[in-house]
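> Take a look at this one; I'll ask things after.
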Amino acid sequence: PGLFNSVIKGFAMEGRSDDAMKVFLEMQSQGVQPNVVTYNTLIDMLGKKDDLTEALRLYHDMKSMNIEPTVITFSTIINHLGKSNLVDQAYELWKEMMALGIRPNLILYNTLFKALGRSGHVDAASMIVKQMANDGVNPDAFTFSILISSLGKARKVRAAKALFERVKDKPGVVDVVTYTSLITAIGKSGKVYEAMRYFEEMKLRGHEPNVVSYSSIIDTLVKKGKIKEGYAYFQEMVQSGCDPNGITFNTLIHAFAKVGELKLTKSLLKDMEARGCGPD
RNA sequence: UUUGCCAUGAAUCUUU
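Following this line, the structure appears as structure tokens:
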């Protein structure tokens, strides 16, 4: 089924889910049995188009075909349930997985933290962090980015910072995304200068800010009325060869419009067109 | 050749 799976994946990546489903039927009519990878791929594809009903139907299908789900099956479904804010169902699946004796791996834990974090269940996530440690699964930069931004969205910025400070000297668990998560959390709490301090620390530690990092710090600054400072970061970003995207421009244009900076707004709109970032 | 095909993180606006 490997060949069919690759073809299905190809269609899935192009968003051609109906073609993918046709291949799925076609392989069966040729007597090739789909395997767990086939199902995982299709479930992920359906989840990406928010068709959770169909995704769950396939999950039940595979079980009735006696195809054993794997940890990937569960992280795929939990991921999409989380993104659809169906945390309770995500948590049910987590329990089902445990009941089946399937060991959660790093990605599964990260996915679950993300689902819990989105819905504000940061305390539940902290409990599971302990279980993860007991399981001998080591957190990575994804884990801390998820936990830190979840804490930030739950307005627990002190906890976010404490967590970050606790792990930032360990190798391999902090990267530009982890820093950006913290910078955003602090920025949204209104501590502009502290956000800037971490932004500078990030650069000093050799983590090159990317378009998301710059957009985040710019947003923090301009929302606090620090238009000049925000624009200075925009210039730094361009000079350092980091291309702004539609979100960067959107952030600046909103801010400029608010304070009536018509000239700068116009020049940004031009700049935007020149860069092929269509305004929306 | 413990082969190959599948899953996770950060930014703006909009919103219930």
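Number 210 in the numbering used here belongs to position 198 of the first sequence; there are no gaps in the numbering.
Think of the CB as a built atom: it goes at the ideal place given N, C-alpha and C, for glycine as much as any other residue.
#1: Within its chain, find whatever has a CB closer than 6 angstroms to the CB of Lys21; leave out the 5 residues flanking it on each side and keep chain order.
#2: Determine the DSSP secondary structure at Val235, reduced to helix, strand or coil.
#3: Pull up the distance between the alpha-carbon of Lys142 and that of Ile55, whole angstroms please.
#4: When you compare only the Cα positions, how much space is there between Ile114 and Val83?
#5: Does the separation of the CB atoms of Val169 and Lys203 fall below 9 angstroms?
#6: By the three-class DSSP mapping on this structure, what secondary structure does Gly129 have?
#7: Three-state secondary structure (DSSP) at Asp147?
#8: Within 10 angstroms of its Cβ, does Asn2 collect 16 or more other Cβ (buried), or is it exposed?
#9: How would you label Met139, buried or exposed, when you count the other beta carbons within 10 angstroms and need 16 or more for buried?
#10: Which whole-angstrom value is the C-beta distance of Ile230 and Tyr245, which I expect to be below 8 angstroms?
#11: Over what stretch of residues does the alpha helix (DSSP H) that includes His266 continue unbroken?
#12: Which full runs of the alpha helix (DSSP H) of 4+ residues lie inside the segment 153 to 235, going along the chain?
Taking the geometry as given:
#1: Same-chain partners within the cutoff: Thr53.
#2: Inspection of the sequence shows that residue 235 is occupied by Lys rather than by Val. DSSP places Lys235 within a helical segment (H, G or I) once states are collapsed to three.
#3: When rounded, the distance between both Cα atoms is 30 angstroms.
#4: Roughly 7 angstroms between the two C-alpha positions.
#5: Yes. Within cutoff.
#6: DSSP places Gly129 in helix when its eight states are reduced to three.
#7: Assigned with DSSP and collapsed to three states, Asp147 falls in coil, not helix or strand.
#8: Residue 2 lies beyond the residue range present for the chain, which begins at 13 and ends at 292; the question has no answer from this structure.
#9: Met139 is exposed by the Cβ-count criterion.
#10: Their Cβ separation, rounded to whole angstroms, is 5 angstroms, which keeps Ile230 and Tyr245 in contact under 8 angstroms.
#11: Segment 258 to 270, the alpha helix (DSSP H) holding His266.
#12: 153 to 165, 169 to 179, 188 to 200, 204 to 216, 223 to 235, all fully within the segment 153 to 235.
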